[in-house]
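Under the UniProt record's numbering, read the sequence shown as residues 1 to 723, first letter to last.
Positions of the beta carbon are idealized from the N, C-alpha and C atoms, including for glycine.
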Amino acid sequence: MLKRNIALTVGVGLTTVAAAASMALSSDGKARSITLSAAQTSAPCENSAGRPWCDRSLNSDRRANLLLKALTESEKLALMAGDDMVGPLRAADDARFRAGTVHGNVRLGIPDLHLVDAGSMGVKQGPNTGLAAGLSLAATFDTRAAASAGSLVADEAAKRGNDVVLGPATDIMRVPQGGRTFESYGEDPLLSARMGASWIRAVQQDGLMAQVKHFPANNQEANRYWVNAVIPERALREIYLPPFEAAVVDGEAASVMCGYNRVNGKPSCSNAALLDGVLRKQWGFEGFVVSDWLLGTKNTHESVKAGLDLEMPIGVFYTPLALRAALFTGKITWADIDRSLTTRFRAMFAYGMFDQPKRPADMQIDYAGHAAEAQKLSEQGITLLRNTGGVLPLKTGAKVAVIGKAADQFRSGIGSMHVRPASTITARQGITARGGADAVTFDDGADLASAARTAGAAEVAVVVVADARAEDGDLACLTLACGAANDTALGNQDKLIETVAKANPNTVVVMQTGGPVLIPWASKVRGIVQAWYSGGHGGTAIARVLYGDVDPGGRLPVTFPARAADAPAAGNPSQYPGVLGNAVYSEGVFIGYRHYDKKGLIPAFPFGHGLSYTTFRLSGVKATRTGVSVTVTNTGGRSGYAVPQLYLGLPGTKKAPQPPKQLKGFTKLALSPGQSARVTFPLDARAFSYWDETRSSWRKASGCTKVMVGTSSRAITQTTALC
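This is the structure in structure tokens:
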């Protein structure tokens, strides 16, 4: 919802600005130089003569309506789609380009609208700060970390001359092999909702518009452009919609991107029940809806009627010709066009685009400061999964063998969220810098015999492994031995780990993966560290955690299955990837840890799990219908991070079975040895409710609710009941 009625003053130090130049491709495919609009040294509304919409005493709605009346029919139609196809192709390597542009109107002083791919991993517009992936951010279990990441992204996006950041991605991880799992906030709707809303608020506080995506249920890359997600209404409401609801209601997101997929038979971008019914009427969304790039829009009149306001990156179904045809046949009206334009104008007025000079695209960015901040965020997401015999933290001066090709690479997911970092420090570089060149050796693991010799000569062997997740495709398998599951150049990493572990009993595995993987070798190694895609300076973060300079701050936002057959939807192609284009969500609300709990399956590592270098005790739980409190005490000899988690087990019925537990609260504490803190998890009526499909509304569960507090979904130490 847009609650801003006056323009924001964007603190980016606008002074004098030079015109920006860019490149485009001519019809023969060769680069040609074009001149883009010069960044304005004056605001569009500085010359307000004859422009009543420039009256800043009016609210954004009134100003948008006045501007709309001044547009001709042709001018209106020209503003219904983007008009830059080159930018998305060049943005990764050239800061002069961005994901999309909607050129404005010189006659009326409507500024260009610049949209940039800028999610959890940073700003995709030439080299910028490389942040850890969204899944790493979720692993922090800390909304303050999400806000810090959002502010950093907003600063760099603003200083590259942008208005809208295309993020965050709040789609739930339904299956562990999802190609874009790394972008998400994991498998739980509450965690995803709170992290996403916090990120959005931070971005928009800094004067940019956030565009939450991909609404809704864009949960797989397999057949992503056409797949029909057949979802029961209860699962849609309880699992897949809450992150978007929080983004709109709590985060007040200015914009929403609809996905490529269909939902219950209707394309997301022409789904009136969702775009108009749920998003606007039920949640009160007042911003603008944008199609996913190029293939998001599936038709003209149905999309306009449903509430798709802008087609990107160019017009295919929203060309002036297509729109005029729909107008001529009466399938849409001018009132529909006006509504779509009003939503965008209202946001542009609310965010100061008419009242502030256009941001220049070449402002100075504090890359060193941002890299340091990104490193700290990465440290907070790194998750210690196993630490047998106290193999970690490493002792300073210990002989350490770093093994694996991934140790010498910057690892990142591929696609619209991929950022080319302004600087990188790999795991090998970080560990060598921290441990000392004399103490740290390296072997790329290509030759197993050589890797075994290198490992055997060291006190501790650190094997760094990775997967390779990407847009437009899911993993073919979850093992690190499967060539289709990772970069084939990395080889059989499971075999490498087993070889090294046989040569050195003190083996630690560092995993730089974009989601859960199978770990059949877990019992053969002493330590396992989940580092995720850890960003440009992830190598330093990994080293600091390994050597105990910082406590591992992460907890798992996803469940790691013990076997591929245990994962949700495994072995049922009608569920995933789908049959004849239909992926049937017959599991309902039982995904993630809800699935493992219902089936009685023991995961390799459960949701919420993560070890510390110290120990904690939970005690004194007290519960009411408005909140649950518990005392957290550091019982160890080091400072560390505690992440207490609240779960509720609602009473179920035959018609509405309930998961054994659902996350309803979490917090993160830094505690010194012996220090205690009392924490309270607030609760509202929604926490005790489920979606009643017969009534199409939320309904309070009848009976006693089990209250559980623990350090993971499978490590519950405090229980009580509310009846």
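query, result
"Could you check the C-alpha separation between Q282 and A273 for me, to the nearest Å?", "10 Å"
"L241: which of T129, V212, P267 sits nearest, CA to CA?", "V212"
"Give me the residue from G491, W521, C477 with the minimum Cα distance to E498.", "W521"
"Using C-beta distances below 6 Å, list every residue in its chain close to L67, excluding the 5 sequence neighbours before and after it, in chain order.", "W53, F345"
"For L385, which three-state DSSP category applies?", "strand"
"Taking Cβ positions, are V500 and I431 nearer each other than 8 Å?", "no"
"Using the beta-carbon count (16 or more within 10 Å), is W691 buried or exposed?", "buried"
"Would you mind reading off the limits of the beta strand (DSSP E) that contains T711?", "705-712"
"In its own chain, which residues sit with a C-beta less than 6 Å from the C-beta of E693, not counting the 5 before and 5 after it?", "E233, R234"
"So, under 8 Å CB-CB, L131 and A531 are touching, yes? Tell me the CB distance rounded to an integer number of Å.", "Contact doesn't hold; Cβ gap of about 14 Å is too wide."
"Quick one: grab the DSSP three-state call for M353.", "coil"
"Please list the terminal residues of the continuous alpha helix (DSSP H) segment that includes A642.", "Looking at the DSSP string, A642 is not in any alpha helix (DSSP H); the run it does join, the beta strand (DSSP E), is 640-642."
"Measure how close the beta-carbons of V643 and T711 come, nearest whole angstrom, since I'm counting them as under 8 Å.", "7 Å"
"In this structure, what does DSSP give as the bridge partners for G652?", "According to DSSP, G652 bridges with nothing at all."
"Per DSSP, what kind of secondary structure is M348 in: helix, strand or coil?", "helix"
"Any idea what DSSP makes of V263, helix, strand or coil?", "strand"
"Pair every Cβ in the region 189-196 with every Cβ in the region 527-544, then say whether three or more of these pairs are closer than 8 Å.", "no"
"Going along the chain, which unbroken runs of the alpha helix (DSSP H) with 4 or more residues stay wholly within the region 115-175?", "134-139, 143-158"
"Count the other CB atoms within 10 Å of the CB of D472; is the residue buried (16 or more) or exposed (fewer)?", "exposed"
"Can you tell me the Cα-Cα spacing of T343 and R63, whole angstroms?", "12 Å"
"Check whether the region 154-171 and the region 116-131 touch, using three or more Cβ-Cβ pairs below 8 Å as the test.", "yes"
"Determine the DSSP secondary structure at S689, reduced to helix, strand or coil.", "strand"
"Taking a contact to mean a Cβ-Cβ separation below 8 Å, would you say A381 touches R469 in this structure?", "Here the sequence assigns Gly to residue 381, which means Ala is not the residue at that position. The answer is no: Cβ separation not under 8 Å."
"Along the alpha helix (DSSP H) that carries residue 726, what are the first and last residues, could you check?", "In this structure the chain extends from 1 to 723, so residue 726 is not present and cannot be described."
"Given a cut-off of 8 Å, decide if A721 and K700 are closer than it, judged by their beta-carbon atoms.", "no"
"G515 and P176 look like a contact to me (Cβ under 8 Å); what is the Cβ gap, rounded to whole Å?", "6 Å"
"What residues match up with M363 in a beta bridge as DSSP calls it?", "M363 is not bridged to any residue."
"Quick check on DSSP: helix, strand or coil for H537?", "coil"
"What residues are listed by DSSP as bridge partners for L448?", "Answer is none; L448 lacks a bridge partner."
"For the beta strand (DSSP E) that D443 lies in, which residues bound it at each end?", "440-443"
"Pull the bridge partners of F605 from the DSSP assignment, please.", "F560"
"In terms of alpha-carbon separation, which member of G87, S291, L341, T329 lies closest to F317?", "S291"
"So, helix, strand or coil for M312, using DSSP?", "coil"
"Can the beta-carbon of V550 be found less than 8 Å from the beta-carbon of V508?", "no"
"Drop a sphere of 10 angstroms on the beta-carbon of T35, count the other beta-carbons inside from all chains shown, and report buried for 16 or more, exposed for fewer.", "At T35 the pLDDT is 29, less than 50, meaning the model places this residue with poor confidence and gives no usable figure here."
"When the distance is taken between beta carbons, is P568 closer than 8 Å to R174?", "yes"
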